[in-house]
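Numbering (the working numbering), first residue to last: 790 to 1110.
Below is the structure:
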């Protein structure tokens, strides 16, 4: 029999964190973060990282795991996540993957094979240097020449995925989009339920704007300044993260703080839109539209519990909420 796996995804600022804690309490879950930036130590405000006191006693994995000077990518995520999933099963609990990085989730859900896509450090460094000297659009242009199918699917600003696609094509001669499509046709090794939390776009965008304002009030600029003083550089994977990139550029004098905040809000809204586009392409998604439940958290949880019962996901927690 396949083992159970609960996934809770959704765009940034939609409210996944609080809901995930309550869902984990109900179902004996432990949470693996599918967030490409919360894995880094010292990056708290800009990632809206959950505080230990807010975890409700639920174990969280892949938070504060790496130094911001280290590279984190989908292959590493998959390796860690599979390890933690087995540890959670060994405790008689249900693993829950929670976050907004769709490709990370997909890598585990379908056990995508990355063996052929090993990192070529020299080639990667050449691509990173080209992006730094000639810009993101230049690098994306190369991808459109070499692998237009992937180029059409990857946004020019998503430099990590552009580089990964060029690396893969360089090594195999195959578009990474084709490889990913082939892998996605696999059936999941898990008895999985894939929830995507959502809300009307205008409300989501307003929440994003409010979150950015709160981040600035809480000292986000000082957080990035401290990382910069500790030796983080603009080209590092961590400093290319949403928010960190814009504030880092402000600290380097590329624009005023007000401009950086405006760009951050805009880029976050665009990011949320791309996240939703990704989730709409996934199969067997259970959409949880908050407005349909009148934003009643208990009603949302009851609905999700009903779906889990239908899928015969064992309820091992049974804590009343």
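Glycine residues also receive a C-beta, built at the ideal position from the N, C-alpha and C atoms.
Discussion item. Tell me whether the segment 915-922 and the segment 949-961 touch, counting them as touching only if at least three CB pairs, one residue from each stretch, are closer than 8 Å.
Written reply: yes
Fill in: Separation of residue 937 from residue 959, as counted between CA atoms
14 Å
Worksheet item: Quick one: Cα of residue 943 to Cα of residue 1072, how far?
Response: 19 Å
Worksheet item: With respect to the alpha helix (DSSP H) encompassing residue 866, which residues constitute its N-terminal and C-terminal limits?
Response: Its alpha helix (DSSP H) spans residues 863-879.
Item to complete: Going by DSSP, name the residue or residues bridged to residue 885.
Response: 795 and 820
Fill in: For residue 985, the three-state DSSP class (helix, strand or coil)
strand
Worksheet entry | Backbone secondary structure at residue 970 - three-state DSSP | Of the three classes helix, strand and coil, the one that applies to residue 970 here is helix, per DSSP.
Worksheet item: Okay, do the segment 795-813 and the segment 1058-1072 touch, 3+ Cβ pairs below 8 Å being the bar?
Response: yes
Fill in: Assumed close pair residue 795, residue 817 - CB separation to whole angstroms, cut-off 8 Å
About 10 Å; that fails the 8 Å criterion.
Item to complete: Would you list, in sequence order, the uninterrupted beta strand (DSSP E) runs of no fewer than 3 residues that lie entirely inside the segment 1056-1084?
Response: 1074-1078
Fill in: Cβ-based neighbour list, residue 1083, same chain, cut-off 8 Å, excluding 5 preceding and 5 following
none
Worksheet item: What do you get for residue 910, buried or exposed, if any count of 16 or more other CB atoms within 10 angstroms of its CB means buried?
Response: By the neighbour-count rule (16 or more Cβ atoms within 10 Å), residue 910 is not buried but exposed.
Discussion item. Comparing C-alpha positions only, which one of 1023, 1031 and 1047 sits nearest to residue 1041?
Written reply: Here the closest residue by C-alpha is 1023.
Item to complete: List the residues that DSSP assigns as beta-bridge partners of residue 993.
Response: Answer is none; residue 993 lacks a bridge partner.
Discussion item. Let me check understanding here. Comparing Cα to Cα, which of 830, 998 and 790 lies closest to residue 860?
Written reply: Residue 830 is the option with its Cα nearest to residue 860.
Worksheet item: Would you say residue 966 and residue 898 are within 8 Å of each other, going by their C-beta atoms?
Response: no
Practice prompt. State the Cα-Cα distance for the pair residue 1079 and residue 986, rounded to the nearest angstrom.
Written response: Approximately 7 Å between the Cα atoms of the pair.
Discussion item. With three or more beta-carbon pairs closer than 8 Å as the criterion, would you say the segment 1001-1014 touches the segment 1030-1050?
Written reply: yes
Worksheet entry | Test item: CB-CB of residue 1057 and residue 1016 under 8 Å | no
Worksheet entry | Alpha-carbon to alpha-carbon, residue 956 and residue 1110 | Residue confidence for residue 1110 is low, a pLDDT of 35 falling below 50, so the modelled location carries little weight; the figure read from the coordinates is stated next. If you take the alpha carbons of residue 1110 and residue 956, they lie about 47 Å apart.
Practice prompt. Assign residue 855 to one of three DSSP states: helix, strand, or coil.
Written response: Here residue 855 sits in strand by DSSP.
Item to complete: Taking all protein chains shown into account, decide if residue 994 is buried (16 or more other Cβ within 10 angstroms of its Cβ) or exposed.
Response: buried
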